[in-house]
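A.B. asks: In the UniProt record's numbering, the protein residues as written are 1 to 553. Beta carbons: idealized from backbone N, C-alpha and C, even for Gly. Since the model is a prediction, treat every value here as computed from it, not as a measurement.
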């Protein structure tokens, strides 16, 4: 059990020298800074959304007020329509009254159109801002997901680094075991060499003892031979040369045998001494190196184990702290996400309410436009009758009329707004009308039986004496008798197209053209419109001017 714990500790702390974990505190601090920045961004975005919702509520309130004002104007228009249906005793008075009402209605229609355009632009702006906020929230969500995936990857990398440390520590443990086994083998070899050396030393001593015994025997045999020789010489008197010969030969043989044994044993002794001396020196060097390496490795291993243990504890604390921060971030993220969903739901409900109100407002505006178009159609019919009566009375020329507009209740006078309209023509074709909003210019063929060719005719319009517009009638345009030709601008054509959807169709006695080069014919306090034929001769003129004066009571 202790060996297993030791191995586990070595696995945790080994090879930390190859893994750099010093940037961990800086990484944690940068992570905390990023999280605080993310929290601040969420707070800023929340305050911005709250401010946008308050502004949206304020605009909605203005929008409701504007709708109520338009409803009041609609009621006023209905009352005027009812009053216009009453018969008038005087034709000239009816003409002036109808023109006054028509101009009032036209100015109110222009104001309503501008208001509807403004509110439409505001609604489109709200939708665009909502889409931008949605995209920003999606981008923020994607950034948070990427950040979370990066943190998970870093945690996985840290776990892999810890696993690699454990594997490297296990390898170091196996290397230490291998060194221990090698040390044990070297010790066993040293013991075996020591035993062999002692055994060889014992054998050398035995050989030396045998050599000494052999020397003693040789000396004994020499003494014996000398005694026997002396005795034989004393008895024989030295008469036998053969014995001397064999004695000398025996001495030579003994000497040679002795010399050979001495050389052999000397060689054996020298070789054995040199061999065992060399083996002992090598074994001593190996034992010293093994002991030195073992002590160095043990010290290095102990120091690295202590260092890695400290680093492991530090990394474990950092990992625990990061894990705790990650859990807190998860809780904060869930809370912010729930708040975001609640705000998004509230904004969706408010936008749906605004969309419904806008749809109702558009329906009311379309209803008002239909009523105004109906009034305009009746006015056209009445103007046609007036034109017929003018031809009968031959009263076509310059005319003017005055409209008294009451000032606010706090003042003591009235405002007099004078509309001066001048119309002249030379021939059958004249300028019938030019609306103040610059939607179109109407030409009228007063001839009861003559068709007029208008190819290459030119319309010139001057606004406040500065801006001048010019339009050439295309080829092939023929104006039938007692028919009307309306030349629309692009904006006027769009309004006419939207209004014709709510009617059965256009009048069969009216022709239409569109001037695609201009958005509107323009409006101002003074407008002059001229009609020139293909030769540059002036055929008709239509001027409008507005003068406002204050009359004190």
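Evaluate contact between the stretch 286 to 299 and the stretch 174 to 193, counting only Cβ atoms and requiring at least three cross-stretch pairs below 8 Å.
C.D. replies: At 8 Å Cβ cutoff, the stretches touch.
A.B. asks: Let me know if residue 461 comes out buried or exposed under the rule of 16 or more other beta-carbons within 10 Å of its beta-carbon.
C.D. replies: Buried, by the Cβ-count rule.
A.B. asks: Where do the ends of the beta strand (DSSP E) carrying residue 442 lie?
C.D. replies: Note, residue 442: beta strand (DSSP E), 440 to 445.
A.B. asks: Going along the chain, which residues of its own chain have a beta-carbon closer than 6 Å to the beta-carbon of residue 463, five neighbours each way excluded?
C.D. replies: Excluding residues within five positions, the ones whose Cβ falls inside 6 Å are 522, 524, 527.
A.B. asks: Quick check: what's the CA-CA separation for residue 481 versus residue 453?
C.D. replies: Cα to Cα, residue 481 sits roughly 11 Å from residue 453.
A.B. asks: At 3 residues or longer, what runs of the beta strand (DSSP E) sit wholly inside the stretch 446 to 505?
C.D. replies: Qualifying beta strand (DSSP E) stretches, in chain order: 458 to 463, 467 to 472, 484 to 488.
A.B. asks: Just to check my reading of the structure: residue 122 and residue 364 have Cβ atoms closer than 8 Å, yes? What is that Cβ distance to the nearest angstrom?
C.D. replies: Wrong, their Cβ atoms sit about 17 Å apart, outside the cutoff.
A.B. asks: Below 8 Å CB to CB, which residues in the same chain sit around residue 297 once its five sequence neighbours on both sides are set aside?
C.D. replies: Excluding residues within five positions, the ones whose Cβ falls inside 8 Å are 176, 179.
A.B. asks: Report yes if the CB atom of residue 432 is closer than 8 Å to the CB atom of residue 447, and no otherwise.
C.D. replies: Against a cut-off of 8 Å, the Cβ pair of residue 447 and residue 432 comes out as no contact.
A.B. asks: Quick one, which of 437, 474, 537 has its alpha-carbon nearest residue 493's?
C.D. replies: The candidate whose alpha carbon is nearest that of residue 493 is 437.
A.B. asks: Under 8 Å, Cβ to Cβ, is there at least one residue of chain D near residue 309?
C.D. replies: Looking for chain D here will not work: only one protein chain is present.
A.B. asks: Could you give the residue range of the beta strand (DSSP E) that holds residue 526?
C.D. replies: Counting along the chain, the beta strand (DSSP E) containing residue 526 begins and ends at 526 to 532.
A.B. asks: Can you tell which of 263, 362, 342, 212 has its C-alpha closest to the C-alpha of residue 499?
C.D. replies: The shortest C-alpha separation from residue 499 is found at 362.
A.B. asks: For residue 237 and residue 220, I'd like the C-alpha separation in whole angstroms.
C.D. replies: Because the pLDDT at residue 237 is just 47, under 50, the model does not fix this residue reliably, and the value given afterwards should be weighed accordingly. Rounded to whole angstroms, residue 237 to residue 220 spans 24 Å at the Cα level.
A.B. asks: Leaving out five residues before and five after residue 371 in sequence, what residues of the same chain have Cβ atoms less than 8 Å from its Cβ?
C.D. replies: Excluding positions up to five away in sequence, the list reads 74, 77, 78, 81.
A.B. asks: Specify, as a first and last residue, the run of the beta strand (DSSP E) that residue 430 falls within.
C.D. replies: Run containing residue 430: 429 to 433, per the beta strand (DSSP E) assignment.
A.B. asks: Keeping to the same chain, check which residues put their C-beta closer than 7 Å to that of residue 218; ignore five residues upstream and five downstream.
C.D. replies: Hits under 7 Å: 254, 258.
A.B. asks: Would you kindly work out how many angstroms separate the C-alpha atoms of residue 249 and residue 196, rounded to a whole number?
C.D. replies: Between residue 249 and residue 196, the C-alpha separation is close to 42 Å.
A.B. asks: Are the beta-carbon atoms of residue 532 and residue 429 separated by less than 8 Å?
C.D. replies: No; because the gap between Cβ atoms is not below 8 Å, this pair is not in contact.
A.B. asks: Using a Cβ-Cβ cut-off of 6 Å (strictly less than) and excluding sequence neighbours within five positions of residue 541, which residues of its own chain qualify?
C.D. replies: Once the five neighbours on either side are set aside, the close Cβ partners of residue 541 are 424, 530.
A.B. asks: Go to residue 514, then tell me how far its beta strand (DSSP E) extends in each direction, as first and last residue.
C.D. replies: Unbroken beta strand (DSSP E) run through residue 514: 510 to 514.
A.B. asks: Measuring straight from C-alpha to C-alpha, what distance separates residue 246 and residue 281?
C.D. replies: Answer to the nearest angstrom: the Cα atoms are 52 Å apart.
A.B. asks: In its own chain, which residues sit with a C-beta less than 7 Å from the C-beta of residue 537, not counting the 5 before and 5 after it?
C.D. replies: Hits under 7 Å: none found.
A.B. asks: Does DSSP put residue 538 in a helix, a strand or coil?
C.D. replies: It is a strand residue.
A.B. asks: Rounded C-beta distance between residue 513 and residue 487? I'm assuming under 8 Å.
C.D. replies: 5 Å between Cβ atoms; contact.
A.B. asks: Assuming residue 336 and residue 119 make a contact with CB atoms under 8 Å, what is their CB distance in whole Å?
C.D. replies: In fact, because the Cβ distance is near 34 Å, the residues do not count as touching under 8 Å.
A.B. asks: Would you identify the three-state DSSP class for residue 426, choosing helix, strand or coil?
C.D. replies: Note: residue 426 maps to coil in three-state DSSP.
A.B. asks: Between 116, 369, 102, 205, which lies nearest to residue 272 when the distance is taken from Cα to Cα?
C.D. replies: Checked all of 116, 369, 102, 205; the closest Cα to residue 272 is 205.
A.B. asks: Run through DSSP, which three-state label would residue 523 get?
C.D. replies: Of the three classes helix, strand and coil, the one that applies to residue 523 here is coil, per DSSP.
A.B. asks: Among 181, 373, 159, whose alpha-carbon lies nearest the alpha-carbon of residue 323?
C.D. replies: Cα-wise, what sits closest to residue 323 is 159.
A.B. asks: When burial is assigned at 16 or more other CB atoms within 10 Å of the CB, is residue 473 buried or exposed?
C.D. replies: Buried is the call here.
A.B. asks: Could you pull out every residue in the same chain whose Cβ sits closer than 6 Å to the Cβ of residue 470, ignoring the five residues on either side in sequence?
C.D. replies: Closer than 6 Å at Cβ, skipping near neighbours: 460.
A.B. asks: Cα-Cα, which of 420, 435, 434, 451 is closest to residue 427?
C.D. replies: Out of 420, 435, 434, 451, 451 has the C-alpha closest to the C-alpha of residue 427.
A.B. asks: Please state whether DSSP places residue 518 in a helix, a strand or coil.
C.D. replies: Coil.
A.B. asks: Measuring alpha carbon to alpha carbon, tell me which residue in 207, 109, 133 is nearest residue 52.
C.D. replies: With distances taken between Cα atoms, residue 52 lies closest to 133.
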